[in-house]
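Notes follow once the structure below has been shown.
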Amino acid sequence: MASARLLDVSRLASRAGQVATGVDRVELAYLQALTADGGTPVFGLCRTALGFVILDRLGLLALGQCFATRDFPKPDLLSRLNRRLTPAAKLGQSLVRRHAIGRGRRHGLRRLLRRRVPQGFTYINVGHSNLTAPVCRAVRAQPGARIAVLIHDTIPLDWPDLQRDGTVGQFAAKLRVAQTFADLLICTSAACEADVTRHLSRTGRIPPIVTAHLGLDLPRPAPEDIPPGLMPLRPYFVILGTIEPRKNHALLLDIWDDWGPGAPELLICGHRGWNNADVFARLDAGVPHVKEVAGLSDGAVAALLRGATGLLFPSLAEGFGLPPLEAAALGTPVLCADLPACRELLGNWAVYADTQDRYLWENEIKRLLQSSEAVSRPAFTPPVWSTHFQTVLAKC
0 MASARLLDVS RLASRAGQVA TGVDRVELAY LQALTADGGT PVFGLCRTAL
50 GFVILDRLGL LALGQCFATR DFPKPDLLSR LNRRLTPAAK LGQSLVRRHA
100 IGRGRRHGLR RLLRRRVPQG FTYINVGHSN LTAPVCRAVR AQPGARIAVL
150 IHDTIPLDWP DLQRDGTVGQ FAAKLRVAQT FADLLICTSA ACEADVTRHL
200 SRTGRIPPIV TAHLGLDLPR PAPEDIPPGL MPLRPYFVIL GTIEPRKNHA
250 LLLDIWDDWG PGAPELLICG HRGWNNADVF ARLDAGVPHV KEVAGLSDGA
300 VAALLRGATG LLFPSLAEGF GLPPLEAAAL GTPVLCADLP ACRELLGNWA
350 VYADTQDRYL WENEIKRLLQ SSEAVSRPAF TPPVWSTHFQ TVLAKC
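Residue numbers (numbering that gives the first Met the number 0): 0 to 395.
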């Protein structure tokens, strides 16, 4: 058992005040779990524009509270003067500096860790923002220190043509750092573990791996948060997630384009992403019975999912896949791409369809539309965070 745990919160500090992504939520879950564990001291490490900052448990709690309320203090003078920082990073870095128990310059991390964190700690990196060889070497220089890295998926390497510019090289570099320095890799599914093993086996060392399904933080449905005029008055479907090529919105737009009169509503819930100009142009031009909405609260999304005829999830690749789990936990039928991670997590609860077979997707959507009122579905039990952390923290 580690003498202490050091959670890297560099990603969270760069995302202050923004709607949390899936990776953000995982890092927040780790923050909450580690600060709630009274048996093992916990610290936070954050890379800022001026160097590194160490937080204690109280500092981590303050960071978590600000994310929960989305209420961050105004940026300090150092952040306001730095024109290269995003507004979110100005908020987050100001906050961690305010609660720091130690600060050090970029080349002083070894000394900072030696002064502020007990020997024999485990460094945990979930968000990858600070996953670099210099940081890992500084951790390795501490007596008894260990490194644990969570790998969400290997999608940038498996689907390079669908990534933002520079993403593939950045991810490959981070995976090499994990391969070189990690004492433990944490995978979110057996499918993810198989992918990680496949890639690492080509280049040498495979660190010990533990697989632990992520937990599901299902928010309370809040119909009052749904913007006026958004909730359809007739049957509707939802697709949830960033509008990026991997999520395969184009398949559904093709179906709705050809549907004609009597089509149900399709709600596209998510921000616009990258490399998707054709889909953005189609949405801007308008597709019959399709609405696009971004920035909804978690409660509003849950309310829309609960009232939907079904969640449509034609994603081309997933390491875990939260939207279908959220829908299933609310009792909403799921039509899902036939992916190993989704089958692993949903079993026979979802209906699976090959994303290359548009005709099959059309038929399954129409079947859900016809049978939505008549079918009584069994309750779905989603994975929980307590099981994840019971598995992971026993090893780090």
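Glycine is no exception: its CB is placed at the ideal position from the N, C-alpha and C atoms.
Item to check | Pair within 8 Å by beta-carbon distance, Arg46 and Ser9 | outcome: yes
Next on the checklist: With a threshold of 8 Å, are at least 3 pairs of Cβ atoms found where one atom belongs to the segment 151–166 and the other to the segment 306–320?
Outcome noted: yes
Next on the checklist: Restricting to Cα atoms, I'd like to know which of Ala284, Pro86 and Trp348 is closest to Ala12.
Outcome noted: Pro86
Checklist entry - Just the Cα atoms here: how many angstroms apart are Ile364 and Leu334? => result 8 Å
Checklist entry - Rounded to a whole number of angstroms, what is the C-alpha to C-alpha distance between Ala61 and Arg96? => result 12 Å
Next on the checklist: So, for Pro159: in the same chain, excluding its five sequence neighbours on each side, which residues have a beta-carbon less than 6 Å away from its beta-carbon?
Outcome noted: Val167
Checklist entry - Whose C-beta lies closer than 6 Å to the C-beta of Ala177 among residues of the same chain, with five residues either side of it excluded? => result Val148
Next on the checklist: Pull the bridge partners of Lys290 from the DSSP assignment, please.
Outcome noted: Leu266
Next on the checklist: Going by DSSP, what residue range makes up the beta strand (DSSP E) through Phe170?
Outcome noted: Looking at the DSSP string, Phe170 is not in any beta strand (DSSP E); the run it does join, the alpha helix (DSSP H), is Thr166 to Phe180.
Item to check | CB of Arg145 within 8 Å of CB of Asp182, strictly | outcome: yes
Checklist entry - For Asp7, which beta-bridge partners are listed by DSSP? => result Leu44
Next on the checklist: Using 8 Å for Cβ pairs, my map puts Val350 next to Ala307. What's the rounded Cβ distance?
Outcome noted: Contact flag wrong, Cβ pair sits at about 14 Å.
Checklist entry - Roughly how far, in whole angstroms, is the beta-carbon of Leu250 from the beta-carbon of Thr179, given that I think they are within contact range, below 8 Å? => result Wrong, their Cβ atoms sit about 39 Å apart, outside the cutoff.
Checklist entry - DSSP on Trp384, reduced to helix/strand/coil? => result helix
Item to check | DSSP-derived helix/strand/coil call for Thr241 | outcome: coil
Checklist entry - Roughly how far, in whole angstroms, is the beta-carbon of Gln169 from the beta-carbon of Pro142, given that I think they are within contact range, below 8 Å? => result Their Cβ separation, rounded to whole angstroms, is 31 Å, which puts Gln169 and Pro142 out of contact at 8 Å.
Next on the checklist: Just verifying my parser: in three-state terms, what is the DSSP assignment at Asn274?
Outcome noted: coil
Next on the checklist: Quick check: what's the CA-CA separation for Phe98 versus Leu367?
Outcome noted: Checking the sequence shown, residue 98 turns out to be His, not Phe. For His98 and Leu367, the distance between alpha carbons rounds to 52 Å.
Checklist entry - Smallest Cα separation from Val209: which of Ile100, Leu44, Phe312 and Phe388? => result Phe388
Next on the checklist: Determine whether the beta carbon atoms of Ala15 and Leu90 lie at a separation below 8 Å.
Outcome noted: yes
Next on the checklist: Buried or exposed, going by whether 16 or more other CB atoms sit within 10 Å of the CB of Val278?
Outcome noted: buried
Item to check | Asn362 versus Asn247: straight-line alpha-carbon distance, rounded | outcome: 18 Å
Next on the checklist: Do His198 and Leu156 count as a contact pair if the criterion is CB distance below 8 Å?
Outcome noted: yes
Next on the checklist: Between the alpha carbons of Gln17 and Glu192, how many angstroms are there, rounded?
Outcome noted: 30 Å
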